[in-house]
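Take a look at the structure below.
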Amino acid sequence: MAAAIGTESAGETARLTLYFGPTVAGEQLLVDRLGLDLSRALLAGQSYEWQRPFEPQETVTIRVFIDDVYEKGSNTFGVVATEIRDDSGDLVQQQRTTFIEATAK
């Protein structure tokens, strides 16, 4: 992975690689809040916006919240946002995760 993203060491790679925010609160909590039926749900999209890399031994605060729930056609979409901030409250990373639940046939 280090070669693929152009880092020199595992430590550098760990500061830059993807982190899946919705798992912080626990998968079941997310499923319950969105009302997802996992037998019909898919991950529809994931985006990351970095302000800067994480620093070694850095303490961060993570806020995970439901940003939007909407219908499109016969499907329901849920958007989960994640904000990761440092001790000063400065944003380190934002994520948006979109789930889709297909209507039962």
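The sequence shown begins at 1 in UniProt numbering and counts up one residue at a time. Glycine included, each C-beta is placed from N, C-alpha and C at the ideal position.
Would DSSP call residue i helix, strand or coil?
i           : result
residue 133 : What is shown of the chain runs 1 to 105, which leaves residue 133 out entirely.
Leu30       : helix
Glu49       : strand
Thr59       : coil
Ordered along the chain, which non-local residues of its own chain (more than five positions away) have a Cβ less than 6 Å from that of residue i?
i      : result
Gln51  : Leu91, Val92
Val31  : none
Met46  : For clarity, residue 46 is Gln in the given sequence; the question names Met instead. Answer for Gln46: Thr97, listed in chain order.
Ala104 : none
Leu67  : The identity of residue 67 in the sequence shown is Asp, whereas the question assumes Leu. These residues qualify, in order along the chain: Val79, Ala81.
Glu71  : none
Ser88  : none
Take residue i and list the residues in its own chain whose beta-carbon comes closer than 7 Å to its own, dropping the five residues that flank it on each side.
i           : result
residue 114 : Past the edges of the chain, shown from 1 to 105, lies residue 114, and the structure says nothing about it.
Gly73       : none
Ile84       : Val60, Ile62, Val92, Gln93
I'd like to check one pair, residue j with residue i: are the Cβ atoms closer than 8 Å?
i     : j     : result
Thr97 : Val80 : yes
Gly78 : Leu34 : yes
Asp86 : Glu58 : yes
Thr82 : Val69 : no
Which residues does DSSP pair with residue i in a beta bridge?
i     : result
Val79 : Asp68, Thr98
So does the region 87-96 actually touch the region 32-44, counting three or more Cβ pairs closer than 8 Å?
The region 87-96, when compared against the region 32-44, does not touch it at the 8 Å Cβ threshold.
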